[in-house]
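Reading through the structure tokens given below for one structure.
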Amino acid sequence: MKSILRKTHQRFIFWGLLDLVVTLVAIGGLSLIVATALNLLEPPTGVQKVGMYIWWVVALVLVAWRVAVFFVALFNSKGILERLEQTHPEYRNELSTLVYLDAHGDEVKHLGFSPALIKALRKEVEELPPPQWARLGLSPTTRKSLLGLGAVGAAALIGFILFSPGYTQKLVRAHLYGEQEILTESTFPVDLPGKVEVPFRHELTLSREGEDPYLHVDFTKVSPDQKLDLLAKTEGNEWRVVGRISGDNSNTIAPLSLSIDRPTQICFSGEEGLSTVCEVVPVYPPAVESTEVAIEAPDYTGKPRTMVSDSERIEAFEGSRIAVDWKTNGPVLASTLEILSPTRSVLESTPLVSEASETFSHRFDLADNTHVRLTLSDRFGQRGMSDVLHMIAVADGSPEVEILSPTREVTLPPDLRIPIKMTARDDIGLSTVEMIYRVDNGMPAGGQYHREVLADHLAGLV
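The numbering used here runs 500 ahead of the 1-based position in the sequence shown.
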């Protein structure tokens, strides 16, 4: 009996320990696979952190479960015996008899069982055939899934340790440990400047034969047989490998390109370490951020000075003094004021500045409809332009007068008074309203014309 129990107990301990080791190896390999997938997919940093935290929770639960199973196999002999009875019904009578003998030895002796009988019963159990380990789940055939997963994990670990570059290992470790910034020191022979500015969507090209016009990299200390990985990182994402430069016998390095359309940190990595980190900042094409127009109408109108912001159509009286101020999104090296025809052809162009500036002004008297546009150019040769500003010159209209009553000839009453009702209006305002009239007195010479001021020093419309 003890032989069967001992073998079964040892088998449970062996497989429990093996399961624990295989689980640890599988978790290690799968952790590398998860971290590498996150590095390639480039989800936001928060998503990467949550993904790794969830994976670590699952991994810890699996390890805790395997540890618990191992210790149960190590200390719970009774449970192993019960499992043996459940999976091998043919052993049940013998096992139950011996369990009773072990648990109630004194009682058995008191009942008159001789030592020879007890020994015979024990020997009968010891001579039972070995258990079928597959029934107990203690054979390789019942552990195929776990062993296969362990093999995958072991292969991932071995491949990662033997074949991945040193910095790639550091990248993956950063994912595993949830680090944000892992580039703190540089011992690499290639040094990069701390920051450079390039045109928007510039193709950053790095090679040994030539240099990028905005970023100079000295490869003289890099031997032809070295391999350099270019790493890049944008805001909200982790570091990733975007390309590789490798040397050959002709002492050349293949060009490596990277499109820059947002602030990007870059560095080189190799077996020797890391280069310094360079922040590559794209400079967006020049554009107008805001437009303000000040309008000073002619003095005779009495209109106050008005301000109009960010409008493409502005109406003002003929003769108004116009002041236009533009503000750009960054320094502009050159700008030109263009006067356009209604069909957008350029009638006249005037340079405004020839040095870096962010504000531009133009002042003129509005004599006719005018269409104005500002063209911009920065130090990289990138061009931009403002929206067309349509200035509409409004002519001063003549005053309008309408007599509402009387509407026909009338006879004067005895008091010679006739009520007259009229309206007068003007687009700017009325200063004086006069009435010119003639009274027919029936004389051959006719009546005389008279002038009478009805209102004076008016403001606004009447």
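Even glycine gets a Cβ: it sits at the ideal position worked out from N, Cα and C.
Cβ-based neighbour list, residue i, same chain, cut-off 8 Å, excluding 5 preceding and 5 following
i, result
"Ile-527", "Ala-559, Leu-562, Val-563, Gly-653"
"Ile-533", "Ala-656"
"Glu-909", "none"
"Ala-856", "Pro-831, Val-832, Leu-833, Arg-879"
"Leu-647", "Val-522, Pro-640"
Residue i, enclosing beta strand (DSSP E) - first and last residue
i, result
"Trp-826", "821-832"
"Gly-770", "764-770"
"Arg-873", "870-877"
"Ala-924", "921-925"
"Gly-884", "883-885"
"Ser-790", "788-796"
"Leu-758", "756-760"
"Val-901", "900-905"
Three-state secondary structure assigned by DSSP to residue i
i, result
"Leu-912", "coil"
"Lys-644", "helix"
"Arg-844", "coil"
"Ser-811", "coil"
"Thr-735", "Thr is not the amino acid found at residue 735; the sequence shown has Glu there. The answer is coil: DSSP assigns Glu-735 none of H, G, I, E or B."
"Pro-851", "strand"
"Gly-516", "helix"
"Gln-510", "helix"
"Thr-720", "coil"
"Ile-580", "helix"
"Thr-684", "Because the pLDDT at Thr-684 is just 45, under 50, the model does not fix this residue reliably, and the point stays unresolved."
"Leu-774", "strand"
"Glu-858", "strand"
"Leu-706", "strand"
"Leu-889", "strand"
"Ala-655", "helix"
"Val-572", "helix"
"Gln-632", "coil"
"Gly-637", "coil"
"Arg-566", "helix"
"Tyr-714", "coil"
"Val-690", "coil"
"Tyr-553", "helix"
"Ser-785", "The sequence given here places Pro at residue 785; Ser does not occur at that position. Coil, per DSSP."
"Ile-527", "helix"
"Ile-918", "coil"
"Ile-533", "helix"
"Ser-750", "Confidence is the limiting factor: at Ser-750 the pLDDT is only 45, short of 50, which leaves the residue's position unreliable and the question unanswerable from this model."
Residues bridged to residue i [DSSP beta-bridge criterion]
i, result
"Lys-695", "Glu-779"
"Arg-938", "Tyr-949"
"Gly-743", "Leu-730"
"Asp-865", "Arg-821"
"Val-894", "Phe-817"
"Phe-700", "Answer is none; Phe-700 lacks a bridge partner."
"Ala-955", "Val-933"
"Ile-839", "Glu-848, Val-872"
"Thr-806", "Ile-795"
Same chain, Cβ closer than 6 Å to residue i, five either side skipped, listed in chain order
i, result
"Ala-797", "Lys-803, Phe-817, Ser-820"
"Lys-827", "Glu-789, Ser-790, Thr-859"
"Val-894", "Glu-815, Phe-817"
"Asp-519", "Arg-566"
"Asp-825", "Glu-792, Ser-861"
"Arg-813", "His-890"
"Val-933", "Ala-924, Leu-954, Ala-955"
"Tyr-784", "Phe-700"
"His-871", "Leu-840, Val-888, His-890"
"Asp-926", "Pro-899"
"Ser-849", "Thr-836, Glu-838"
"Ser-639", "Trp-633"
"Ala-823", "Ala-794, Arg-863"
Neighbourhood of residue i by C-beta, 7 Å cutoff - its chain only, sequence neighbours within 5 removed
i, result
"Leu-904", "Lys-921, Met-922, Thr-923"
"Asp-712", "Leu-704, Thr-705, Leu-706"
Neighbour flag for residue i against chain B, beta carbons, 7 Å
i, result
"Ser-645", "Going by chain labels, chain B is absent from the structure shown, which holds only one protein chain."
Residue i CB to nearest heavy atom of the ligand ATP below 6 Å
i, result
"Ile-760", "The ligand content of the structure shown is nil, which means the ligand ATP is not present either."
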